[in-house]
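90 is the number that UniProt numbering gives to position 90 of the sequence shown; each next residue is one higher, with no gaps.
Accompanying notes for the structure given below.
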Amino acid sequence: MPVLNENQAIPLQTFTEVSLPTDDLLESSRDSSATSWDKTHQRSVSHGDTPFALVKNTRPLKTAMKKGHQRAFSIPVGIQPIVTHKTHNRSASKTEFTLPIREERPVHRGSLLTVFTHRREKSRTESVYTIRRFKIPFWKRFWFFQRISSSDQQVYRTITPNHLALTPTIEGSTRVQQPNKMYKGNEISTRKYTILNFIPKNLYEQLHRIANLYFIFIVFLNWFPAINAFGKEISMLPVIFVLAVTGIKDIFEDLRRYNSDKRINKYFCRVFDGIRYQRVRWKDVKVGDLIHLSNNEVVPADILLINSSDKNGACYIETCDLDGETSLKRRQVVPGFEDTKADFRLEVEPPTTQIYRFNGSIIHSNDKRIPLSPENILLRESRVRNTDFVEGVVVYAGPDTKAFLNNGGPRYKRSRLEIQMNIDVIWCVIILVVLCLVGAFGANRWLNAYKGKNLPFLFFEINLSYETFITFFIFIIILQVLIPISLYVTIEVCRMFNVHQIHNAPKLYDAKTNTKAECRAMNLIEELGQVEYVFTDKTGTLTENKMLFRSCSINGTLFEHELQFTNGVEEIVPNNNLTRILNSGHSQNPIEYQRYLDFFMALVLCNTVVLATAHVDTMNENGVIEPERAPTKNKSLTDLTNLRKRFMKQPSSNSITSVKSVPSRGQPPIYEAESPDEIALVQAAACYNFKLLSRSTTEIIIRTPHEILEFTILKLLPFDSIRKCMSIIVQNRSTGKITCYAKGADSAIIPKLYKINSHTDECMHREVVQDHINKYATSGLRVLLVAKKDLSENEFGEWFTQHTEIELATSNKENKLLTSFEKMEHSFSLLGATGVEDRLEEEVPETIAALQAAGINVWVLTGDKLETAVNVCYSAKVFTPATKILRLTEMSRQSTETALDFYITKLEDECQNSNITPNSNRYSLVTDGKTLTFILDEKTNLTHKFVQLIQNCKTVLCCRSTPLQKAFLVKMVQNYLNVVTLAIGDGNNDVSMIQLANLGIGICGQEGMQSVMASDFSIPRFRFLKYLLLVVGFWSRDRLTRLILYFFYKNAAFVLILFWFNLHAGFSGSVMIDGIYLMVYNLLFTSLPPICIGIYDRIVEEDMLLEHPELYKNARERKSFQNLNFWIVIADSFYQSLVIFYLPYFTYYDSDIGLWKFGTIILSSCLITMLLHCAIEVKSWTWKHIASFVVSIITFYLFAYIFNSVCVNCFGTSANYGIIQECLRSLDYYLLLVLTPILALLPRFTLTVLTTMSQKKTVEHHLD
């Protein structure tokens, strides 16, 4: 690590806390940094020190600077006299990352820096592309369709504003042409079905179940008279019932999506019709319409900003539903555009999924072209903030908007259990075919033995080929129950009750928001018990997005701050010691006391915070201008108006003036900023009576504990990702003193401090602050260092003159500006450090710890900047001190591949040298959206290497990722690792990954209900995920697994009994059990006990599951529902069927027992055996279990008694009058009911005991 002195800039190859040293890429993430301040601080807690770069801005904005309070506090201006400054706009830096490997690479700063507008939110423009892989439909591969498609493609789309194509009339406006009719309208639809396609599409999805195909085939066979074994109409009922239940469920799910679309499409906005603005529904908005939007109004389509109430043409938007960030983003009216009625047209690029990219131009009537950039467009679902009104032309509508294109749309999901069940159903079909072939071959041999003989039981002419063919299909119908249609009905019933339990679970209910969990995909409930990867959003999911000032270090003293609730709002409590020091005045050491004052003045001055004011649009919602309109209907607006009045002051000259009107102490001010941490710092300063009273683009007025001060802003050096700090140069109007204040990451500020000698007081002070910084890092706080230096007028004047010349330069401007910043930002005096907490949601660390203990890999996918996300991961315990961090943040494909190869080789070598298994999960990976661009691109062939690397990582953090990148990461892990994935988020930017994951969970957060509407499950808070997976998922998977295996056993045993009978009946396809029993056996006699297992059974109590999450991992790894268990069940059913059939067979061998009595005895023995088998499967007996067994037995005997008493010839079946009564009078009947189950269940009971003992030892080992 290179050594820096105070005059050196930050080298482009220093590393943050998640970086690895150049001599060893595998250092612990929590190693202490160097104690000497002459050396580079190797851990950046707040911002890191990875080299970044900004995109070159080819068009500086030119706006006039005017006096007065500017609502657009980030408006760039041209070169001004000494009393002006170029304002700070932190909304578009493009982040460049470099490889954490010792390699020499040239640094091209000249093309990487912009100073006119540093846009923070654009640290995701080209640096984080969205990637979308479209599959070409097969019909478009033909030459004819390729010609049609190519003719429709346009490099740019030309848009003529609709209000310029209207001719005003007396009655109103008449559309004389529709210049943009070829483009899509603004109506959206996310539903899967329509009235016309529901039946075919839903049937297609349901036919993914192999069993459904089989059942339909059986129904088809029953309509042939030659092989009709049962009533063809009755055989249709079970199939229709199963398909109808699933179809109705899908209808209700799709209706929710339809109602959501309908509600959104019916929103209103104001569209210009050539004379005035009219109230129009969103769905009726068209490309080219001129739209008027007021403050806090949601943007209905992607519109080009051409007018704003701000005098400098700026407006602010909030994009939390797009990228998850609640910070404000600045947008600018197209430069030089003043008249909305001027004749012009637009040329814009075709719709793309890239949220932060937009290219095009405005063409005026004189053919003058004005280029467009992303800062000129307002995207659909963003919200206008801090602006009275804006106006713009729609360029993309409805399905063409970037928000809609980033929504992958709903898809049909199937659980792993259902997929495995399909495989086992195929095996059942194979077994069935084998049995039918054996039966057909046996019938052929049996009939061939009697061919040509005149026998009374062969009253027809024998055609061996025909009889063999017919017998095969007769056996299919007789043995059809081998594939259990009742299983699907039972599963749907159990799922429905499990969903009811989720909706009413007390531990899934949030009393604060009065919200409970909801299941929106009933067929995925068992998938909750098989999750291996969790992909979570950060903002609004892990964190509350509320920054709280928790600590500061001044003069080597650490001042912790507690929190308290005031009127339901969490606020910091001033530190008593710090308050006492500030109130003591000059009784303290004057130098130390001045440092306290300068520290808080830096917090108030060095930021972009402004005071909130009311925004009133004189146009009402119907498009009518009301000049006298006042914000009386909205209480919050009224409060803001009063607050604004208190902040107003009398006009003043450049001389010293006092503020005639200042905020009262009764109501705290309302601050606004692009970054919530800046608000936290200003609020903390206000607690100690350092209050921001007014801020404009030219001056700042603050209140200190002793006086009110006015400052002229001379220059603002905005924050950027190369310097990782910001500075402001101000002049005190009362003293004329010029001071430069700076704040930024520790790695950025430390090299800019003035050089000191060892063993001095200042050296000791810095070492103490370093210890405090390390403590902040351990606590997961975001760290900023604060510094200052005084400037003489000559010093500043000389620098400002040179800087002004650089701003006017046309060549190599970026590099020169960076050099100019470095000339100013040096020789600072350290004032102190701050620790700000990004407040986590309740119990987030505990939840993540439990998930990791359960063997679940947690990935954090966020659109936020890297440093913020890293700090949150430490706070949330996603990263732990024992975990080593791998850094993968690259700017090119070659460097990405080099880094991947290096890490993979390094890990393999370390595993070999230290005998550590590759999947020991000792590492965590940090990457960004730019790097993901290369990894997710199929052409780079880097995906498989990335997958190889992440398999060795316990957790992964992906920063600056777009919605589609999140989705493709989820899909990549699913495809390459073949694991069950879960995605959880609370915003519209999470919808794509929620829909693409095996399980999507939406959180009812502050960012709208988009994620909830697209999810499979919804929960009130992230902490409920622990109970949902570890308890509900564990129970659901265990219940349905045992239920399915039981049904396969039950049906296979029942079918084999019929098959054994045909071995002694000439393979005739006859049965000894009445057809009525065959049809109702699964429905009435054996359905309730397994349903109770599927709904109420608990193999482990919830307290044990929550206390020991390892049980989840142990159960998932056992994979109780797999091929081996299936074949064990089939073997068991084979054995039990032999006992159930042949024990009565040999008991009554060579006797005159009737066919139906023999069948009834076997049926009774089979029923008792299967019910007792089900009793062995029960793990937690309740009265409901006992009742289900009792009811099943009573139902059988009651049904049999009534049926054999009153039914002589029912449903076309043979009569078996009085059979059950005869059986009940026989002693042999009772002896067989006792002996048969004992012999049949002895192997199963023995296996269950041995398995339970083995599992008990395994569980005890895990718990120990």
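Quick reminder that beta carbons are idealized off the backbone N, C-alpha and C, glycines included.
Check, Outcome
"Assuming Leu717 and Ser727 form a contact by the criterion Cβ under 8 Å, report the distance between their Cβ atoms to the nearest whole angstrom.", "4 Å"
"Are the beta-carbon atoms belonging to Ser1087 and Ser486 less than 8 Å from one another?", "yes"
"Could you tell me the alpha carbon to alpha carbon distance between Asn577 and Gln770, rounded to whole angstroms?", "21 Å"
"Rounded to whole angstroms, what is the Cα-Cα separation between Met1253 and Val1100?", "15 Å"
"Buried or exposed: which applies to Leu1083, given that a residue is buried once 16 or more other Cβ atoms fall within 10 Å of its Cβ?", "exposed"
"Got a sec, what are the start and stop residues for the alpha helix (DSSP H) Thr847 sits in?", "844-853"
"Taking 8 Å as the cut-off, does the region 310-317 touch the region 382-401 (at least 3 CB pairs, one atom from each stretch)?", "yes"
"Within 7 Å: the Cβ of Leu982 and any heavy atom of the ligand ADP?", "This structure lacks the ligand ADP; in fact it carries no ligand of any kind."
"Taking all protein chains shown into account, decide if His1173 is buried (16 or more other Cβ within 10 angstroms of its Cβ) or exposed.", "buried"
"Which residues in the same chain have their Cβ closer than 7 Å to the Cβ of Glu843, if we skip the five residues on either side of it in sequence?", "Arg1023"
"Pull the bridge partners of Phe549 from the DSSP assignment, please.", "Val836"
"Buried or exposed, going by whether 16 or more other CB atoms sit within 10 Å of the CB of Glu805?", "exposed"
"For Glu570, count the other beta carbons within 10 Å of its own beta carbon; 16 or more makes it buried, fewer makes it exposed. Which is it?", "exposed"
"At the level of alpha carbons, what is the spacing between Phe144 and Phe404?", "No answer about Phe144 holds up, because its pLDDT of 44 lies below 50 and its placement is not dependable."
"Mind reading off the beta-carbon distance from Glu678 to Thr608? Whole number of angstroms is fine, and I expect it under 8 Å.", "6 Å"
"Within the same chain, show all residues whose beta-carbon is closer than 6 Å to that of Cys315, passing over the 5 residues directly before and after it, in chain order.", "Ser308, Arg331, Thr387, Val390"
"Note down the Cα distance separating Thr760 from Arg766, rounded to an integer number of angstroms.", "10 Å"
"Thinking Ile1140 and Ser1165 are a contact (beta carbons under 8 Å), I'd like their distance in whole angstroms, please.", "5 Å"
"What's the call for Gln995, buried or exposed, on a 16-neighbour Cβ count within 10 Å?", "buried"
"Can you tell me whether Cys1207 is helix, strand or coil according to DSSP?", "coil"
"Are at least three pairs of beta-carbons, each pair with one atom in the region 273-290 and one in the region 349-368, less than 8 Å apart?", "no"
"Please report the Cβ distance between Leu524 and Leu999, rounded to the nearest whole angstrom; I am assuming they are in contact, meaning their Cβ atoms lie under 8 Å.", "6 Å"
"Based on the DSSP secondary-structure assignment, which residues constitute the bridge partners of residue 1270?", "Coverage of the chain is limited to positions 1 through 1264, which leaves residue 1270 absent and any answer about it impossible."
"Which whole-angstrom value is the C-beta distance of Asp838 and Arg782, which I expect to be below 8 Å?", "6 Å"
"Assign Ser373 to one of two classes, buried (16 or more other C-beta atoms within 10 Å of its C-beta) or exposed (fewer than that).", "buried"
"When the Cα of Ala967 is compared with those of Leu932, Asn498, Ser694, Ala1065, which residue comes out closest?", "Leu932"
"State whether the region 1047-1059 contacts the region 1027-1037, with contact taken as three or more CB pairs (one from each stretch) at a distance under 8 Å.", "no"
"In three-state DSSP terms, what is Trp859?", "strand"
"If I measure Cβ to Cβ from Gly247 and keep anything under 7 Å in the same chain, skipping five residues before and after, which residues do I get?", "Asn202"
"Would you be able to state if there are at least three C-beta pairs under 8 Å between the region 474-492 and the region 423-430?", "yes"
"Does the pairing of the region 959-966 with the region 977-996 give three or more beta-carbon distances under 8 Å?", "yes"
"Determine contact between the region 461-476 and the region 437-448, defined as no fewer than three beta-carbon pairs at a distance below 8 Å.", "yes"
"Mark Asn359 as exposed unless 16 or more other C-beta atoms lie within 10 angstroms of its C-beta, in which case mark it buried.", "exposed"
"Report all residues from its chain with a CB closer than 6 Å to the CB of Lys1184; omit the five preceding and five following residues, and keep chain order.", "Cys1092, Tyr1096"
"When we look at the beta-carbon of Leu925 and count the other beta-carbons within 10 Å, is it buried (16 or more) or exposed?", "buried"
"Run through the region 1142-1220 for me and flag every whole alpha helix (DSSP H) of 4 or more residues, listed as ranges in chain order.", "1155-1177, 1183-1206"
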